[in-house]
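Novice:
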Amino acid sequence: MTAMQDPVGSFIRYIETTRRYSPNTVASYRRDIDRLLAYLGVTEETFDPARLTADEVRAWVISLSEEGLKPTSINRMLSAWGSFYKYLLREEAVVADPFRKVSALKKPMTLPAFIPESRMSRLVNELAAEMDEGEDFCRRRDALMVLFLYATGLRLAELIAIDRTDFEKGFRELHVRGKGDKERIVPIVPELRERIQAYLSAIRAENICLSGEKALFLTKKGNRISRSEVYRAIRRQLALFGIPGKRSPHVLRHTFATHMMNSGADLREIQELLGHASLSATQVYTHNSIAQLKEVYDTAHPHAREH
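Here the working numbering is used: the first residue of the sequence shown is 23, the next is one more, and so on.
#1: Which term fits A326, buried or exposed, when burial requires 16 or more other beta carbons within 10 angstroms of its beta carbon?
#2: Taking the straight line between their C-alpha atoms, what separation do you get for E228 and M283?
#3: In chain order, which alpha helix (DSSP H) runs of at least 4 residues are fully inside the region 110-162?
#4: Jot down the residue ranges of each uninterrupted alpha helix (DSSP H) in the region 178-242, minimum 4 residues, whole runs only, in chain order.
#5: Spatial neighbours of D188 within its chain, please: CB distance less than 7 Å, with the 5 preceding and 5 following residues excluded, ordered by chain position.
#6: Counting only runs that start and end within the region 43-79, where is the alpha helix (DSSP H) found for 4 or more residues in a row?
#7: With distances taken from CA atoms, which of F106, I292, R57 and K236 is nearest I207?
#8: Looking only at C-alpha atoms, which of A224, K236 and D203 sits nearest to D154?
#9: Return helix, strand or coil for R246, following the three-state DSSP convention.
#10: Between which residues of its own chain and H329 is the CB-CB distance below 7 Å, once the five residues before and five after are set aside?
#11: Which of the three DSSP states is assigned to T94 in this structure?
#12: Suppose you measure from the CA of V252 to the CA of I184; what does that come to, to the nearest Å?
#13: So what does DSSP say about M26, is it helix, strand or coil?
#14: Are L110 and P71 closer than 7 Å when you measure CB to CB?
#15: Here's the rule: buried if 16 or more other CB atoms are within 10 angstroms of the residue's CB, otherwise exposed. What is I37?
#16: Going by other Cβ atoms of all chains shown within 10 Å of its Cβ, with 16 needed for buried, is E114 buried or exposed?
#17: Whether or not the region 270-285 and the region 204-222 are in contact is what I'm after, with contact meaning three or more pairs of Cβ atoms, one per stretch, closer than 8 Å; do they touch?
#18: Using CA coordinates, which residue listed in E148, R73 and L127 is at the minimum distance from L91?
#19: Below 8 Å on the Cβ atoms is my guess for Y172 versus L238; work out the distance and round it to an integer in Å.
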């Protein structure tokens, strides 16, 4: 091992001149390095990289977390120090890298957005009334699309692809061709079945489809509805009825899965209904259920309100 008089300064000059990093990147590296030096209570001149231990690094990471830094910021600092020690190893200024023994922090999982059950129940009732009382074909169709997505958990592409011939047993089952061209059977609940039949009656009564088009969801001119038209219609419907946050067909799919989980449905059953290839993709909804449980606790439990 060869002694290096100014390891930090040498590394900064290396990324600045040899690697030709941008001034902003160089400044970011220096800030990240200075952060640990300050924690250790040393300066660039007094810091001995050969004496830094993995335990000290772990203690620093814990302190950063307690300060409220996000995992992405902490991982960036660990990466900067990792690059520094790779340089020192290559220059034979150290014989070990303590950062190799410290794992990066896991990034927090982003839970799928969903509509709470109480709000969704009111929305379903209002959309059902819209279909019963409304006279405009497009508004009735849009209401049905929201109800359909919530009742089946279909993907947007799967909804668009539905043909009237995909139904069986008096509209009690729907054959869906999903990702990877895999087919699954989705049950149609009685309330949705009645709405579909009423919608088909409206198509016939208004002579919407005269071209032989087999699609279930049509434009006013009788063509299969497009992806963008469905997306706009769903967003418009959810906004119209005051649904906050993200408004998209996929939110309704997440809502279907989360409410199924909250009602006690088996994870494997939900996986089958959603057409997930692996169970891990479905397990995220268990986290949604926990999140909703915490929300209920925070708003309803007397001890939660006290704090």
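We put the CB at the ideal spot given by N, CA and C, even for glycine.
Specialist: Reading from the atomic positions:
#1: Because A326 carries a pLDDT of 48, less than 50, the predicted location of this residue cannot be relied on, and no value is offered for it.
#2: Distance between the alpha carbons of E228 and M283: 40 Å.
#3: DSSP runs (the alpha helix (DSSP H)) wholly in the region 110-162: 139-155.
#4: Qualifying alpha helix (DSSP H) stretches, in chain order: 178-183 and 212-227.
#5: Answer for D188: L196 and H197, listed in chain order.
#6: Listed in chain order, the alpha helix (DSSP H) runs fully inside the region 43-79 are 45-62, counting runs of at least 4 residues.
#7: Answer by Cα proximity: I292.
#8: Comparing Cα-Cα distances from D154 to each of A224, K236 and D203, the minimum goes to A224.
#9: Three-state result, R246: strand.
#10: Residue placement at H329 is flagged as unreliable, the pLDDT there being 42, under the threshold of 50; the coordinate-derived value follows with that caveat. Result list for H329: empty, nothing under 7 Å.
#11: Here T94 sits in helix by DSSP.
#12: Distance between the alpha carbons of V252 and I184: 13 Å.
#13: In this structure, M26 counts as coil in the three-state DSSP scheme.
#14: It is a contact, given that the beta carbons lie within the stated cut-off.
#15: The residue in question, I37, is buried, as its Cβ has 16 or more Cβ neighbours within 10 Å.
#16: Sixteen is the threshold: since fewer than 16 other Cβ atoms of the shown chains lie within 10 Å of the Cβ of E114, the residue is exposed.
#17: No: the two stretches stay apart, fewer than three of their Cβ pairs being nearer than 8 Å.
#18: Closest by C-alpha distance to L91, out of E148, R73 and L127, is L127.
#19: Between L238 and Y172 the Cβ distance is about 16 Å, and since that is not below 8 Å, they are no contact.
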